[in-house]
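Peer 1: Which chain is which? The protein sequence lines are A and B, in order.
According to the numbering used here, the first sequence is numbered sequentially starting from 242.
According to the numbering used here, the second sequence is numbered sequentially starting from 19.
Supplied in structure tokens, the structure appears directly below.
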Amino acid sequence: MYEVNVALLACVNMIAVLGLSVFTGFTGLFSLGHAAFVGIGAYASGVLTYHWNVPFFVALPAGMAAAGLSSLVIGIPTLRARLRSDYFAIAILGFGEALRVCLENLSLTNGARGLSVDNLSSPAWILGGLAFSLIVTRNFLKSRFGTMFVAIREDPVAAEMAGIDLFRARLLSLFVSAVLCGLSGALLAHRLAFIQPVMFTLTQSTQLLASVIAGGMGSISGPVIVAFVFTSLPEMLRALNMWRLPAYGLLLVLIMIYRPQGLLGYRELTGLFRFDRFRGRIP
Amino acid sequence: MFLQTLVTGLSIGGIYALMAVGYSLIFSVLSFSNFAHGAVIMLGAYIGLALATKLHLGLGLVAAGSVVGAGILSVCNERVAYAALRRRRAPSLYLMISAMGCSVFLENMVYATIGSRFYAFPEFFGRRVVSVGGSTLSLLDLFAFAVSIGAILALHLFITRTKMGIAIRAGVNDMTMCSLMGVNTDRLIAVVFFLAGAFAGVAGVFLGIRYFVYPTMGWVTNKAYIAAVIGGLGSLPGALIGGLVLGVLETLVSTYVSSVLRDVFSFTMLIALLIWLPNGLMGHETEDKV
Chain A
242 MYEVNVALLA
252 CVNMIAVLGL
262 SVFTGFTGLF
272 SLGHAAFVGI
282 GAYASGVLTY
292 HWNVPFFVAL
302 PAGMAAAGLS
312 SLVIGIPTLR
322 ARLRSDYFAI
332 AILGFGEALR
342 VCLENLSLTN
352 GARGLSVDNL
362 SSPAWILGGL
372 AFSLIVTRNF
382 LKSRFGTMFV
392 AIREDPVAAE
402 MAGIDLFRAR
412 LLSLFVSAVL
422 CGLSGALLAH
432 RLAFIQPVMF
442 TLTQSTQLLA
452 SVIAGGMGSI
462 SGPVIVAFVF
472 TSLPEMLRAL
482 NMWRLPAYGL
492 LLVLIMIYRP
502 QGLLGYRELT
512 GLFRFDRFRG
522 RIP
Chain B
19 MFLQTLVTGL
29 SIGGIYALMA
39 VGYSLIFSVL
49 SFSNFAHGAV
59 IMLGAYIGLA
69 LATKLHLGLG
79 LVAAGSVVGA
89 GILSVCNERV
99 AYAALRRRRA
109 PSLYLMISAM
119 GCSVFLENMV
129 YATIGSRFYA
139 FPEFFGRRVV
149 SVGGSTLSLL
159 DLFAFAVSIG
169 AILALHLFIT
179 RTKMGIAIRA
189 GVNDMTMCSL
199 MGVNTDRLIA
209 VVFFLAGAFA
219 GVAGVFLGIR
229 YFVYPTMGWV
239 TNKAYIAAVI
249 GGLGSLPGAL
259 IGGLVLGVLE
269 TLVSTYVSSV
279 LRDVFSFTML
289 IALLIWLPNG
299 LMGHETEDKV
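Following this line, the structure appears as structure tokens:
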């Protein structure tokens, strides 16, 4: 049963990693605050089921919508076409901190003591959510929009010359990734049956980012596999828990220096068995 | 009361400015956000703490040791984590990820080896105060403010008056051209990182004296990034003004409104500023160039 629980938790994390993969892996923008969207999804759905006994099938989309809306609040001022993407990275860092302060001081969220919600995410919900996210992400990235995102990642100026509205495309990418993170958060809250503001800080954002980078930018299957490993491995190596975060940090630096394409950069697991696989440009 | 709040705000703002200047300096030369800056500040504070508690040095020597130590650390950081990326002209996204990796690594190494305990500096100033016109001003506040302004002024002189400073300004403009003119860009970047690290060291010591020394104290650089955006990314006078403005406004909010809302206020201010004044107070055009 313990193994099943760890695997389900890994599935929940995989959804959030999929979300960040759309934004960082495919659109090439840096984010250190996606845990905030996970937190918003968790708290929005948790508050609904806890205070007002809203059924789970309503609270779950509500969590996703809340995360999506908050992404617009922060995305619209910071991603405006002519601003550097650094503004977004800085703003979302502050956003994560401000959100934590708010969650810790609102009576609605029960402050820093955390919120005990009901255990409503059954394995069916989690696996269904993961399947939904995988299908949505895959189809979305194969669409016109996915091609636009890759064009922006490779060269924003050239993409703009080709007629892509940078601001709209980046905002859309952020919105989709935030909605997926919100879904992950809502499932997480009702799986663990307990949420606390400290669960959604920079540490969590770093783990998401490390999964996307180590799995490979521009790949869906790579980050998903790595997310599974990153969630389940520390459970097996409990004794080394303290060294997990230094290891993530070192991993990020080493990957950037020696293998910036990550595990499966610009490729998918299915593509490894074909000979005509597409090899992307690695700058 | 108001004067007292103002001086406290200016003193905190001075520390923000010290951090923002180092961050801005690296941003203007390599055009990426150095998220490892906070970790260098934290390590600078630990170096200062070790000198003050183990060797019982005075404030001057503690600050000097911390400046040199943090400067060297910052240069090492560049050599290990950024030099390879910089040479192969990797996109700034890669540099940012590498910087974040460094920050996470250094912070958690301290956490794993030294521990998460909060340490306090010995009292250099005690509770000594100066009375001006009926309000009492803390000596620490006045000293921190004076040192911050002095250090930034010295940096300004260095950048505008010396040969190395001219090379740095040329590098900010166009690194390739600068290297064609015979400037050793590796050395230039090492000097820039040393300066940023030195400022981080001073900021770390002051933060440590004012609050505590602990592994995640570097997170306060969030405020430095916000200060840099307020002043305009990459502009040195902007970093100074942005730091002071942010420090004063924050202190006013936490004194007169609510100290809980302080961080929320800073963040809201950043968003508001990005909407109405996206290039900051002193910024130039910040478009991505071809």
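Every residue, glycine too, gets a C-beta built ideally from N, C-alpha and C.
Note that this is a predicted model, so its numbers are computed, not measured.
Please report whether the beta-carbon of A/Val253 lies at a distance below 8 Å from any beta-carbon of chain B.
Peer 2: No, because no Cβ of chain B sits closer than 8 Å to the Cβ of A/Val253.
Peer 1: What is the DSSP secondary structure of A/Val314, reduced to helix, strand or coil?
Peer 2: Helix at A/Val314.
Peer 1: Is the separation between the beta-carbon of A/Ala306 and that of A/Cys422 shorter than 8 Å?
Peer 2: Going by C-beta atoms, A/Ala306 is not nearer than 8 Å to A/Cys422.
Peer 1: When you compare the CB of A/Ile331 with every CB in chain B, is at least one pair closer than 8 Å?
Peer 2: By this cut-off, A/Ile331 is an interface position.
Peer 1: Roughly how many angstroms lie between the CA atoms of B/Ser156 and B/Val148, to the nearest whole one?
Peer 2: For B/Ser156 and B/Val148, the distance between alpha carbons rounds to 6 Å.
Peer 1: Measure from the C-beta of A/Asp327 to each C-beta in chain B and report whether the shortest distance is under 8 Å.
Peer 2: Yes, because at least one Cβ of chain B sits closer than 8 Å to the Cβ of A/Asp327.
Peer 1: With B/Ser153 as the anchor, note down where its beta strand (DSSP E) starts and where it stops.
Peer 2: Taken as a continuous stretch (DSSP letters only), the beta strand (DSSP E) holding B/Ser153 covers Ser153 to Ser156.
Peer 1: Are A/Leu261 and A/Leu450 closer than 8 Å when you measure CB to CB?
Peer 2: Contact: yes.
Peer 1: Tell me whether A/Leu505 sits in a helix, a strand or coil according to DSSP, three-state version.
Peer 2: Of the three classes helix, strand and coil, the one that applies to A/Leu505 here is coil, per DSSP.
Peer 1: Using CA coordinates, which residue listed in A/Leu259, A/Val247, A/Tyr499 and A/Val253 is at the minimum distance from A/Ile376?
Peer 2: With distances taken between Cα atoms, A/Ile376 lies closest to A/Leu259.
Peer 1: Of the choices B/Gly83, B/Ala208, B/Ala138 and B/Ser284, whose alpha-carbon is the least far from that of B/Gly183?
Peer 2: If we check each option's Cα against that of B/Gly183, B/Ala208 comes out closest.
Peer 1: Which whole-angstrom value is the C-beta distance of B/Gly27 and B/Leu270, which I expect to be below 8 Å?
Peer 2: 6 Å between Cβ atoms; contact.
Peer 1: Helix, strand or coil: how does DSSP classify A/Phe435 here?
Peer 2: Strand at A/Phe435.
Peer 1: What is the DSSP secondary structure of B/Tyr137, counted as helix, strand or coil?
Peer 2: Residue state, collapsed to three classes: strand.
Peer 1: List, in order along the chain, the chain A residues whose C-beta lies closer than 8 Å to that of B/Met235?
Peer 2: Per Cβ cutoff of 8 Å: no residues; B/Met235 is ~13 Å from chain A at best.
Peer 1: What is the residue span of the alpha helix (DSSP H) that B/Ser84 lies within?
Peer 2: Here the alpha helix (DSSP H) through B/Ser84 covers Leu77 to Asn95.
Peer 1: Buried or exposed for B/Ile293, going by 16 or more other Cβ atoms inside 10 Å?
Peer 2: Exposed: under 16 other Cβ atoms inside 10 Å.
Peer 1: Look at the alpha carbon of B/Leu91 and the alpha carbon of B/Ser116, and state the distance between them as a whole number of angstroms.
Peer 2: Rounded to whole angstroms, B/Leu91 to B/Ser116 spans 16 Å at the Cα level.
Peer 1: Strictly under 8 Å for the Cβ-Cβ distance: is B/Ile207 near chain A by that measure?
Peer 2: It does not; no Cβ of chain A falls within 8 Å.
Peer 1: DSSP state of B/Leu299, grouped into three classes?
Peer 2: In this structure, B/Leu299 counts as coil in the three-state DSSP scheme.
Peer 1: Going by beta-carbon coordinates alone, are A/Leu413 and A/Phe386 separated by less than 8 Å?
Peer 2: Yes; because the gap between Cβ atoms is below 8 Å, this pair is in contact.
Peer 1: In chain order, what residues of the same chain have a beta carbon less than 7 Å from the beta carbon of B/Ala70, not counting five sequence neighbours either side?
Peer 2: Contacts found: Val80, Phe139 and Pro140.
Peer 1: Over the uninterrupted beta strand (DSSP E) stretch that includes B/Val150, give me the two end residues.
Peer 2: Segment Val147 to Val150, the beta strand (DSSP E) holding B/Val150.
Peer 1: What does a CB cutoff of less than 6 Å around B/Arg232 pick up in its chain, not counting 5 residues either side in sequence?
Peer 2: Residue identity check: residue 232 of chain B is Tyr in the sequence provided, not Arg. The residues are Phe136.
Peer 1: At the level of alpha carbons, what is the spacing between B/Thr304 and A/Ala468?
Peer 2: The pLDDT assigned to B/Thr304 is 49, lower than 50, so where the model puts this residue is not dependable, and the model offers no usable value.
Peer 1: Tell me, please, whether the CB atom of B/Val190 is closer than 8 Å to any CB atom in chain A?
Peer 2: Not an interface residue.
Peer 1: Taking just the CA atoms, how far does A/Leu249 sit from B/Ile227?
Peer 2: Cα to Cα, B/Ile227 sits roughly 46 Å from A/Leu249.
Peer 1: Please check if any C-beta of chain B sits within less than 8 Å of the C-beta of A/Ile454.
Peer 2: Yes, contact with chain B.
Peer 1: Express the C-alpha separation of A/Met440 and B/Gly119 in angstroms, rounding to a whole number.
Peer 2: Using only the alpha carbons, I get a separation of about 20 Å.
Peer 1: Count the other C-beta atoms from every protein chain shown that fall within 10 angstroms of the C-beta of A/Glu244, then say buried if there are 16 or more, exposed otherwise.
Peer 2: Counting Cβ neighbours within 10 Å, A/Glu244 comes out exposed, since fewer than 16 surround it.
Peer 1: Check the Cβ-Cβ distances between A/Gly404 and every residue of chain B, and say whether any is below 8 Å.
Peer 2: For A/Gly404, the answer is no, since every Cβ of chain B falls outside 8 Å of its Cβ.
Peer 1: Report all residues from its chain with a CB closer than 7 Å to the CB of B/Thr273; omit the five preceding and five following residues, and keep chain order.
Peer 2: Answer for B/Thr273: Thr23, listed in chain order.
Peer 1: Note down, one range per segment and in chain order, each beta strand (DSSP E) of at least 3 residues found wholly within the region 218-272 of chain B.
Peer 2: Counting only runs of 3 or more, we get nothing.
Peer 1: Please list, in chain order, all residues of the same chain as A/Leu273 whose beta carbon is under 8 Å from its beta carbon, the five residues on each side excluded.
Peer 2: Ala330, Ile333, Leu334, Gly337, Leu443, Ser446, Thr447 and Leu450, listed in sequence order.
Peer 1: Alpha carbon to alpha carbon, how far is B/Phe143 from A/Ile496? Give it in angstroms, no decimals.
Peer 2: Looking at the two C-alpha atoms, the distance is approximately 46 Å.
Peer 1: Secondary structure at B/Ser277, three-state DSSP: helix, strand or coil?
Peer 2: Reduced to three states, the DSSP call for B/Ser277 is coil.
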